[in-house]
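K.L.:
The structure's right below; bear with me while I get my questions together.
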Amino acid sequence: ILFLMMKLGDSRVIETLLQAGANPNVPDPSCGLTVTHDAAREGFVDSVRVLLNYGADVNIADERGNLPLHLAASKGHLEVVRLLIGYTENRGVRNNDGLTAEQLARGNGHTDTATFIQNHQAKHKARVRSEAEKSGEGERKKKKKKNIAISSRLVSFTSKIRL
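Counting with UniProt numbering, you get residues 1 to 163 for the letters of the sequence shown.
Shown next, in the form of structure tokens:
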């Protein structure tokens, strides 16, 4: 029933079914897609939002290795991509054809979607690099303080030794 409702794109009905205990992560046996894959492919941003609120896992790949992000990107559904990208663990993951979501968007003529993904990944990499550098600098400061403390003890110790 949840898959049928997804075809209609009615997020209120989907929410009612989820409240009643429907599992958003069960794939359709006929095609291997979860309802999140369907909603992403169709561009139903409100439905995707509801599914995420009820624990939909956007990191489940379909039989072709596509995440919901791949399907939304390939159709140029920028608002869905904007929503999914923050929940997707590996934004650069390749499907079974070796293509990323960005490549699918670009290959299907959805330049704005491809550019958004590219920019988001660049910002994410810069943020990770910055955090790593800050962490490394913090470690260097700790080591420097420790070295100063050890040096002070050595000076104190050696001054007590009489030759």
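Where a beta carbon is used, it is the ideal one built from N, C-alpha and C, also for glycine.
1) Grouping DSSP H, G and I as helix and E and B as strand, with all else coil, what is G9?
2) Using C-beta distances below 6 angstroms, list every residue in its chain close to H77, excluding the 5 sequence neighbours before and after it, in chain order.
3) Less than 8 angstroms between the CB atoms is what I'm expecting for L71 and R41, so what's the real figure, rounded?
4) Nearest-angstrom Cα distance between L104 and H37?
5) Between E79, C31, V48 and G98, which has its C-alpha nearest L18's C-alpha?
6) Which residue comes first and which comes last in the alpha helix (DSSP H) that contains A73?
7) What three-state label does DSSP hand N119 in the structure shown?
8) Quick one: Cα of V81 to Cα of I14, how far?
9) Which same chain residues end up closer than 6 angstroms to N66 when comparing Cβ atoms and leaving out the 5 residues on each side of it in sequence?
P.N.:
On the basis of the supplied data:
1) coil
2) G43
3) 4 angstroms
4) 15 angstroms
5) V48
6) P68 to K75
7) helix
8) 20 angstroms
9) N95
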